[in-house]
Amino acid sequence: GPNRVTLYRRAILDYWAENEETLGDIVTHVLIHEIGHHFGLSDDDMERIEEAAE
């Protein structure tokens, strides 16, 4: 598999400009989401994990 995760700055900044979340929280979410997909987790799996962590 890939040895890197690519973050798309413009998409992240556009999302940040329109939402209440901090930039750090957005980047953390995207990284966890992409790493989760790498290990075979579905969007639903990751949503449950995020809810349990809150």
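Just remember that the working numbering sits 235 ahead of the position in the sequence shown, which is counted from 1.
By construction, the Cβ of each residue, glycine as well, lies at the ideal position given by its N, Cα and C atoms.
Treat the numbers as computed from the prediction; the structure is a model and nothing was measured.
(1) Between which two residues does the alpha helix (DSSP H) containing isoleucine 242 stretch?
(2) Between which residues of its own chain and histidine 268 is the CB-CB distance below 7 angstroms, once the five residues before and five after are set aside?
(3) Give every residue of the same chain whose Cβ lies closer than 6 angstroms to the Cβ of leucine 258, excluding the five residues on either side of it in the sequence, and list them in chain order.
(4) Distance check for arginine 283 and tyrosine 243, CA to CA, integer angstroms please.
(5) Please classify threonine 263: does DSSP put it in a helix, a strand, or coil?
Taking the coordinates as given:
(1) On the sequence shown, position 7 is the one that residue 242 refers to. Here the sequence assigns leucine to residue 242, which means isoleucine is not the residue at that position. Element bounds for leucine 242: n/a, residue is neither H nor E.
(2) Here residue 268 is taken as the residue at index 33 of the sequence shown, counted from 1. Within the same chain, histidine 268 has close Cβ partners Met281.
(3) Stepping through the sequence shown from its first residue, residue 258 is reached at position 23. Answer for leucine 258: Trp251, listed in chain order.
(4) Counted from its first residue, the sequence shown places residue 243 at position 8. Counted from its first residue, the sequence shown places residue 283 at position 48. Between tyrosine 243 and arginine 283, the C-alpha separation is close to 25 angstroms.
(5) Position 28 of the sequence shown holds residue 263. Threonine 263: helix per DSSP, three-state reduction.
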